[in-house]
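Under the numbering used here, the first residue of the sequence shown is numbered 8, with each subsequent residue one higher.
We treat Cβ as the ideally placed atom computed from N, Cα and C, and that holds for glycine.
Structure, as structure tokens:
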Amino acid sequence: MLLAENPARCILIVGGPGSGKGRLCERLVAHCGVSHVSCGDMLRQEVQADTPLGREVSGIMQRGELVSSDLIVTLLRRRMRAFPGKRLLLDGFPRSEQNAKDFESQCGVPELALHLKCTDEKMVERILRRGQLENRADDNPETAARRLRVYHDSSAPTLAWLEARGVPIVELDCNGTQENVWSQLLAIGRLMRGAVAV
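Below, the structure written as structure tokens:
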């Protein structure tokens, strides 16, 4: 059964690890009155709670692999229920074509996808810096390389499937500063106003 009969009030934030998804979401929350659900944070919270599910997720994340689509969509639906009537930024989702299909069947068609494009070199640089600053076990060179491979293998078919379903995809060059990325968003203001108006 769908979470709602109407299309899900969701904006997908798609990009590789270290592309700047979290920072962009923080700014959109502050300026546009939307709510933010980070798939990575959601999974890390399960791990920290040391539930059986969290222990399973921990092993998957340490190997740099993707958590099963069924599991992540189940967790997302649970989290979405905490924001009735709100427009949500789904940070780091979908991570695979199957995620996108499962999300549509259970939650509806998203309104928009922002695709954060970034070079591998820049993403690795950011991942390693973040690993040092935040002491994240999954932010190390070996796991970063695996995560990038997984991202590249899954991102093109996922975005193609979303586009075929009529989801508008906005591409942002995220190699520069946060200000530069924000300027790109402002340049598509007409589209963004329609997408994030509350």
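- [ ] Less than 8 Å between the CB atoms is what I'm expecting for Ala-120 and Leu-192, so what's the real figure, rounded?
- [x] For the purposes of this step, residue 120 is identified with residue 113 of the sequence shown, where counting begins at 1. For the purposes of this step, residue 192 is identified with residue 185 of the sequence shown, where counting begins at 1. 13 Å between Cβ atoms; not a contact.
Task: Nearest neighbour of Val-157, chosen from Arg-70, Gly-173, Leu-123, Gly-138 [CA to CA] - done: Sequence index remark: in the sequence shown, residue 157 carries index 150 (1-based). When only C-alpha atoms are compared, the closest one is Arg-70.
Task: Burial state of Gln-185 (16 or more Cβ within 10 Å) - done: Within the sequence shown, the letter at position 178 stands for residue 185. Its Cβ having fewer than 16 others within 10 Å, Gln-185 is exposed.
Task: Inter-residue spacing [alpha-carbon to alpha-carbon] between Gln-113 and Ser-75 - done: Taking the first residue of the sequence shown as 1, we reach residue 113 at position 106. Taking the first residue of the sequence shown as 1, we reach residue 75 at position 68. Each residue's alpha carbon lies about 15 Å from the other.
Task: Residues near Gly-61 in its chain [Cβ-Cβ closer than 6 Å; skip 5 each side] - done: On the sequence shown, position 54 is the one that residue 61 refers to. Counting only Cβ-Cβ distances below 6 Å, and skipping sequence neighbours, we find Glu-53, Val-54.
- [ ] Note down, one range per segment and in chain order, each beta strand (DSSP E) of at least 3 residues found wholly within the region 23-69.
- [x] 42-45
Task: Every unbroken beta strand (DSSP E) inside the region 115-172 [3 residues or more] - done: 119-124
Task: Alpha carbon of Thr-81 to alpha carbon of Glu-132, nearest angstrom - done: For this step, residue 81 is matched to residue 74 along the sequence shown. For this step, residue 132 is matched to residue 125 along the sequence shown. Inter-residue distance for Thr-81 and Glu-132 is about 32 Å (C-alpha atoms, whole angstroms).
Open item on the list: How far does the alpha helix (DSSP H) with Ile-79 in it extend, from its first residue to its last?
Closed with: Locating residue 79 in the sequence shown gives position 72, where the first residue counts as 1. Note, Ile-79: alpha helix (DSSP H), 76-87.
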